[in-house]
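In our numbering, the protein residues as written are 1 to 314.
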């Protein structure tokens with residue numbers, strides 16, 4: 001990388017060709033144990049979500065918008081978890097934890113795209129519950145299959161261009177110091193820590209996108225749940241209230257888990273970031289929450305339980 005005319009610093013700086021993912025190397029005695037735990041969790045996520053995808057496709061009683069979105073959500077969970085966990089498992093087994101610049105950028109990009117899709121899908125699911133409970137007579141008309149497909153496609157696609165720009169912006173920063181990423185995957189905060197020079201524009205862009213992709217959907221979900229709860233409380237019978245609430249409770253729990261850990265990680269002030277805490281919180285929304293989602297949806301939902309029994313008896 002020789003000097004070029006008047007601006008050699010830029011050329012001398014971008015000499016890093018790869019990063020080293022430190023992951024959990026600070027606790028060497030626990031590598032085998034962690035490998036076992038994460039492998040079991042990954043298997044549970046794959047099996048649980050595959051079961052949900054299968055029964056929402058095959059069971060005639062689950063051919064409704066709510067389960068159409070749930071099938072999409074389960075497919076997404078498999079993609080989302082597969083961006084980080086297989087790499088983490090490999091790193092726990094091997095001595096070399098190098099990840100190339102390009103692989104790191106690709107991992108960050110897909111992680112962000114699937115994360116954004118998850119926020120938007122959870123918002124679509126909240127809208128579905130809002131229409132079902134607040135406008136039950138118009139529900140078949142409003143939530144027709146065409147709208148459901150358009151909403152789902154919008155969720156899957158809309159994060160793509162935004163995150164191409166963001167990932168490009170982050171990885172076009174000069175990296176010249178240490179190449180040790182104190183994390184188990186290429187997440188934004190640890191990568192930005194290694195950048196040289198001014199990261200203010202990039203950090204501002206991260207905040208703006210976080211507000212658009214995380215905070216706005218979260219506020220929309222909150223708004224729809226305020227209306228849903230108002231409507232449920234006005235229902236005359238206690239059984240009606242319980243039935244209406246049971247169709248939302250699983251979605252509400254998933255929303256609280258996913259958005260809670262995500263918001264704490266990305267939007268808390270920089271001064272309160274501790275490396276161990278960051279890794280722990282990241283584990284929460286990359287592995288723990290996706291593992292609980294199929295359980296929450298199966299155990300808290302009678303229709304899914306009935307369909308599951310039928311499927312397993314076959």
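Here a beta-carbon is modelled for each residue, glycine too, at the ideal position from N, C-alpha and C. Keep in mind it's a predicted model, so treat the numbers as computed, not measured.
Review point. Looking at C-beta atoms only, is the number of pairs between the stretch 277-293 and the stretch 177-186 that lie closer than 8 Å three or more?
Key: yes
Check your understanding: Which word fits residue 7, buried or exposed, when buried means at least 16 other C-beta atoms lie within 10 angstroms of its C-beta?
Key -> Low local confidence applies: a pLDDT of 41 at residue 7 is under 50, so the model's placement there is unreliable, with the coordinate-based value given in what follows. Answer is exposed; the Cβ neighbour count stays below 16.
Practice item. Give the range of the alpha helix (DSSP H) segment to which residue 39 is assigned. Key: 31-58
**Study point:** CA nearest to the CA of residue 103, picked from 95, 83, 119 and 122
**Key:** 83
Practice item. Ignore the nearest five residues each way along the sequence and tell me which others in residue 39's own chain have a CB closer than 7 Å to its CB. Key: 89
Review point. To the nearest angstrom, how far is it from the Cα of residue 133 to the Cα of residue 56?
Key: 21 Å
Practice item. Consult DSSP for residue 89 and reduce its assignment to one of helix, strand or coil. Key: helix
Exercise for review: Provide the residue span of the beta strand (DSSP E) that contains residue 20, from first to last.
Suggested key: 18-21
Practice item. Give the range of the alpha helix (DSSP H) segment to which residue 124 is assigned. Key: 101-134
Review point. Which term fits residue 304, buried or exposed, when burial requires 16 or more other beta carbons within 10 angstroms of its beta carbon?
Key: buried
**Study point:** residue 53 versus residue 294 - alpha carbon distance
**Key:** 10 Å
Check your understanding: Which of helix, strand or coil does DSSP assign to residue 182?
Key -> coil
Exercise for review: Indicate whether residue 48 and residue 74 have their beta-carbon atoms separated by less than 9 Å.
Suggested key: yes
Check your understanding: Which residues in the same chain as residue 289 place their Cβ atom closer than 8 Å to its Cβ, once the five residues preceding and following it in sequence are excluded?
Key -> 254, 257, 258 and 261
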